[in-house]
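Under this note's numbering, the first residue of the sequence shown carries the number 91, and numbering increases by one thereafter.
Where is the CB? At the ideal position from N, CA and C, for every residue including glycine.
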Amino acid sequence: MMPIVLLASSSIAYSQISNTEKDSLYINQIEEKKQPAKVLHAEPLYIDLIRDLGARKGEREWNLGLGLTDELTFDSYEALIEYEWAPMDRLGLEVELPFTFYSPLADNGGVETPSNRLNSIKIATQWSFFVNERIATSMAIGYINEFELSDFRNFGKPMISRNVYNPFLVVAKRWGNNFHSLVYTGPIIVHEYESGEVHTSYDVNTSFHYMIPGTRNFIGVEFNKTWESSDFDMTMRPQMRLGIADNLMIGIIAGVPISRENERFSSFLRLIWEPKHK
């Protein structure tokens, strides 16, 4: 009888804690006083990070993603499976397999629909070189390498059609307990194997989030911007993250093209599972 009474008393006491105090408790849980330091940041859901900024050894995460984009003359469906982990403090690694499947529209004007494909084998690393709990700021550098594959119609001819090199910089800051901002930027260098040509573009992805008081849930927006020669594309991605279990969350993202010639609206879902670690 005594344990039941104690449990009930504990539940009542927690329910009486204000949202501000709950926020502080959650932040302290992430930033508890042990080495190395770590700051709680809201991570964007579309251009996600390789691992948490200030990652601690043993952290790991599985992601499953599903998306739909209206490409004017056909619909494209994205699917990805992604595994990320921290083999040592502040170092994150990632392996991702992204797929794209295409469906022609009835009024596509006879335009040929691309072939379905496993887009690439994507490997990445990220190192948090600056973590400061006092000013709630973190910075990291990283590198993504994508071995892009031929589509299923021409699979193996060749197996790898081009290589994509993407070094990047991340700067994130939390403002108070609930407001978060982040900048993710770097060049994307594409090397075409058959022709030997090299194309370079530059991405600047900015995001702003508000974490709902007393929860791990947030709402926010990403602005994904790309410059290539004289061309500029930007997509705004309003989003939300919902915790559905202790270590399971779902991200819901909409894509609204602001300056893009060949794309309409899009949507994307990301299922995030963080297995427990010591």
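Any beta carbon of chain B sitting closer than 7 Å to that of L208?
Of the protein chains in this structure there is only one, and it is not chain B.
Classify N244 as helix, strand or coil using the three-state DSSP reduction.
Position 154 of the sequence shown, counted from the first residue, corresponds to residue 244. Under the three-state reduction of DSSP output, N244 falls in the helix class.
Alpha carbon to alpha carbon, how far is G155 from G144? Give it in angstroms, no decimals.
Locating residue 144 in the sequence shown gives position 54, where the first residue counts as 1. Locating residue 155 in the sequence shown gives position 65, where the first residue counts as 1. The straight-line gap separating the alpha-carbon atoms of G144 and G155 is approximately 24 Å.
Candidates E236, N268, A344 and T215: which alpha carbon is nearest D142's?
Translated into positions along the sequence shown, residue 142 becomes position 52. Nearest neighbour of D142 by Cα position, chosen from E236, N268, A344 and T215, turns out to be T215.
Going by the C-beta, is I250 closer than 6 Å to any heavy atom of the ligand HEM?
Only the bare structure without any ligand can be found here, which leaves the ligand HEM out of the picture.
N206 versus D323 - alpha carbon distance
Counted from its first residue, the sequence shown places residue 206 at position 116. Counted from its first residue, the sequence shown places residue 323 at position 233. The straight-line gap from Cα to Cα measures roughly 24 Å.
On the criterion of 16 or more Cβ atoms from any shown chain inside 10 Å, does P277 qualify as buried, or is it exposed?
Within the sequence shown, the letter at position 187 stands for residue 277. By the neighbour-count criterion, in which a residue is buried when 16 or more other Cβ atoms sit within 10 angstroms of its Cβ, P277 is exposed.
Quick one: Cα of P328 to Cα of I342, how far?
Translated into the one-based positions of the sequence shown, residue 328 becomes position 238. Translated into the one-based positions of the sequence shown, residue 342 becomes position 252. Going by the C-alpha atoms only, they are around 9 Å apart.
Residue burial classification, A262 (beta-carbon count within 10 angstroms, cutoff 16):
Translated into the one-based positions of the sequence shown, residue 262 becomes position 172. Classification of A262: buried, given that the 10 Å Cβ count is 16 or more.
Under a three-way DSSP split, which group does A335 fall into?
As a position in the sequence shown, residue 335 is number 245, starting the count at 1. In the structure shown, A335 sits in a strand (DSSP, three-state: E or B).
For K366, the first and last residue of its enclosing beta strand (DSSP E):
Reading the sequence shown from its first residue, position 276 is the one you call residue 366. Note, K366: premise wrong, no beta strand (DSSP E); not H, not E.
Would you kindly check if the distance between the Cβ of V201 and the Cβ of T159 is under 7 Å?
Here residue 159 refers to the residue found at position 69 when the sequence shown is read from its first residue. Here residue 201 refers to the residue found at position 111 when the sequence shown is read from its first residue. For T159 and V201, no; Cβs fall outside 7 Å.
Unbroken beta strand (DSSP E) runs of length 3 or more, entirely within the segment 135-176: which are they?
Runs of the beta strand (DSSP E) inside the segment 135-176: 150-160.
Give me the DSSP bridge partner(s) of H131.
Here residue 131 is taken as the residue at index 41 of the sequence shown, counted from 1. In the DSSP output, where bridge partners are listed per residue, H131 has none listed.
So for L195, helix, strand or coil by DSSP?
As a position in the sequence shown, residue 195 is number 105, starting the count at 1. Look at L195 here: in three-state DSSP terms it is coil, with no helix or strand label.
Since P188 contacts E168 with CB under 8 Å, what's their CB separation in whole angstroms?
For the purposes of this step, residue 188 is taken as the residue at position 98 of the sequence shown. For the purposes of this step, residue 168 is taken as the residue at position 78 of the sequence shown. About 7 Å separates the beta carbons of P188 and E168, which is inside the 8 Å limit, making them a contact pair.
Report all residues from its chain with a CB closer than 7 Å to the CB of Q349; omit the five preceding and five following residues, and keep chain order.
Locating residue 349 in the sequence shown gives position 259, counting from the first residue. Residue identity check: residue 349 is Ser in the sequence provided, not Gln. Excluding positions up to five away in sequence, the list reads F322, D323 and M324.
May I ask which residues mark the beginning and end of the beta strand (DSSP E) holding E312?
Counting from one through the sequence shown, the residue named residue 312 turns up at place 222. First-last of the beta strand (DSSP E) with E312: F308 to E318.
Quick one: residues in its chain with C-beta nearer than 6 Å to the C-beta of T227, no 5 flanking neighbours on either side, listed in chain order?
Position 137 of the sequence shown, counted from the start, is the residue given in the question as residue 227. Taken in chain order, the residues that qualify are K263.
Are the CB atoms of I250 and F237 nearer to each other than 7 Å?
Here residue 250 refers to the residue found at position 160 when the sequence shown is read from its first residue. Here residue 237 refers to the residue found at position 147 when the sequence shown is read from its first residue. With respect to F237, I250 sits close: the two C-beta atoms are nearer than 7 Å.
Hey, N153 and I362 are a contact pair by Cβ (cut 8 Å); roughly how many whole angstroms apart?
The residue you call residue 153 lines up with position 63 of the sequence shown. The residue you call residue 362 lines up with position 272 of the sequence shown. That belief holds up - the Cβ atoms of N153 and I362 are roughly 6 Å apart, short of 8 Å.
Applying the 10 Å Cβ sphere with the 16-neighbour rule, what's the burial state of L338?
Mapped onto the sequence shown, residue 338 falls at position 248. Within 10 angstroms of the beta-carbon of L338 lie fewer than 16 other beta-carbons, which makes it exposed.
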